[in-house]
Amino acid sequence: MQFFIDTADTQEIKALVEAGFVDGVTTNPSLIAKSGRNILEVIAEICAMVEGPVSAEVAATDHETMLAEGRKLAAIASNVAVKLPLTVDGLKTCRVLSDEGHMVNVTLCFSPSQALLAAKAGATYISPFVGRLDDMGKDGMDLIDDILEIYSSYPDLQTQVLVASVRTTRHVERAAMLGADVVTVPPKIIWDMFKHPLTDKGLEGFMKDWAGTGQSIL
Ligand code: G3P
19 MQFFIDTADT
29 QEIKALVEAG
39 FVDGVTTNPS
49 LIAKSGRNIL
59 EVIAEICAMV
69 EGPVSAEVAA
79 TDHETMLAEG
89 RKLAAIASNV
99 AVKLPLTVDG
109 LKTCRVLSDE
119 GHMVNVTLCF
129 SPSQALLAAK
139 AGATYISPFV
149 GRLDDMGKDG
159 MDLIDDILEI
169 YSSYPDLQTQ
179 VLVASVRTTR
189 HVERAAMLGA
199 DVVTVPPKII
209 WDMFKHPLTD
219 KGLEGFMKDW
229 AGTGQSIL
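Residues in the sequence shown are numbered from 19 upward in steps of one, following the numbering used here.
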C-alpha cells in the first residue's frame, strides 16, 4: 500500500520525505488555504520535493473552467494529479483529462455508486472520505470494502482506491487489511503510527540493562 501525505505544508512533507515514508502528496482547497501559499507556487515546490503523484484540486465547479484549471495545474509538473470533485461536471472533466493522458484523482466520494462512475470516467485514483462518513455515525471503511469488491469484479478497471479523510492509525491499518492501493494520511497520523508505550518502555529497559554491562559496541 502506498502512503500519500495529506498536507500542503512543505516543512511537514520535507520531514516525512527524509524519514522515507512519502509515495505522494494530496492537497485540496482547504489545505491550500491553511498553507497560506499561492497554489501554483506551493504545488510546484511540492512536485520538486516528491517523485510520486501530487494531487492539486481545481476550484471551479463547471466543466469548461474545471478543464482549463485542470490543464493549467497539470502543466506545473509531470507528477501532478488533477483533483476533481465527484460531480457530473467533475466526471466529464475527468474523462477529457484522462483521455489526454493526465492523472486524475476524483475526490469527495461517499458511495460505491459514485466510485463506479469515477472508474468508468477513467479516474486514476478515487478518494473515498472515510472520516466524514464516521462523523455521521457510519463505518467509513465499509465503503472501502464495497468499492474494492466492485472493482475486483472488473480487472480492466484501472482506478486505484486512495483512502482519504483518514483520522486515526486504525483507518490506516484497516485500509491495509482491506487491500486499498493508497492511503493519504495527515502528517500527525504518520508520526502516531511509530508510537507505542510498550516500545518506549521496552527500549528504556534494554538501555538500562545494557548500561549495566559496561560494554561498548564501537
Ligand atoms: O484528502 C481529504 C482530506 O484532506 C479530508 O480530510 O479530515 O477534512 O475529512 P477531513
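Using N, Cα and C, we set each Cβ at its ideal position, and we do this for glycine too. What you are looking at is a predicted structure, and each value in this text was computed from that prediction instead of being measured.
### Task
Can you tell me which of 132, 65 and 182 puts its alpha carbon nearest to the alpha carbon of residue 198?
Residue 198 sits at position 180 when you count from the first residue of the sequence shown. Ranking 132, 65 and 182 by Cα distance to residue 198 puts 182 first.
### C-alpha distance - residue 93 paired with residue 171, whole-angstrom precision
Counting from 1 along the sequence shown, the entry for residue 93 is found at position 75. Counting from 1 along the sequence shown, the entry for residue 171 is found at position 153. Taking the straight line joining both Cα atoms gives about 34 Å.
### Message
I'd like the list of long-range same chain contacts for residue 175, defined as Cβ closer than 6 Å, with 5 residues on each side in sequence excluded.
### Response
Within the sequence shown, the letter at position 157 stands for residue 175. Excluding sequence neighbours, residue 175 sits near 137 and 169.
### Message
Please report the distance separating the alpha-carbon of residue 201 from that of residue 22.
### Response
Stepping through the sequence shown from its first residue, residue 201 is reached at position 183. Stepping through the sequence shown from its first residue, residue 22 is reached at position 4. Taking the straight line joining both Cα atoms gives about 6 Å.
### Task
Mind checking who residue 65 pairs with in its DSSP beta bridge?
Mapped onto the sequence shown, residue 65 falls at position 47. Residue pairing of residue 65 in beta bridges, as defined by DSSP: absent, with no partner found.
### Task
Assign residue 231 to buried or exposed, taking buried as 16 or more other Cβ atoms, counted over all protein chains shown, within 10 Å of its Cβ.
As a first step, residue 231 must be located in the sequence shown, where it is residue number 213. Classification for residue 231: exposed.
### Task
Classify residue 27 as helix, strand or coil using the three-state DSSP reduction.
Taking the sequence shown and counting its residues from 1, the one referred to as residue 27 is at position 9. Coil.
#### Entry: Simplified DSSP assignment, three categories, for residue 162
As a working mapping, residue 162 is identified with position 144 in the sequence shown. Helix.
### residue 187 beta carbon near the ligand G3P (any heavy atom closer than 7 Å)
Your numbering for residue 187 matches position 169 in the sequence shown. Taking 7 Å as the cut-off, one finds no heavy atom of the ligand G3P near enough to the beta carbon of residue 187.
### Task
If I'm right that residue 142 touches residue 122 with Cβ under 8 Å, what's the distance once you round it to whole angstroms?
Within the sequence shown, the letter at position 124 stands for residue 142. Within the sequence shown, the letter at position 104 stands for residue 122. Indeed they touch by this definition, with Cβ atoms about 5 Å apart.
### Query
Hey, residue 97 and residue 59 are a contact pair by Cβ (cut 8 Å); roughly how many whole angstroms apart?
Stepping through the sequence shown from its first residue, residue 97 is reached at position 79. Stepping through the sequence shown from its first residue, residue 59 is reached at position 41. Contact between residue 97 and residue 59 does not hold, since their C-beta atoms are separated by about 16 Å, which reaches or exceeds 8 Å.
### Task
Report the residue from 52, 53 and 31 whose alpha carbon sits nearest the alpha carbon of residue 43.
Your numbering for residue 43 matches position 25 in the sequence shown. Of the candidates 52, 53 and 31, the residue whose Cα lies closest to the Cα of residue 43 is 31.
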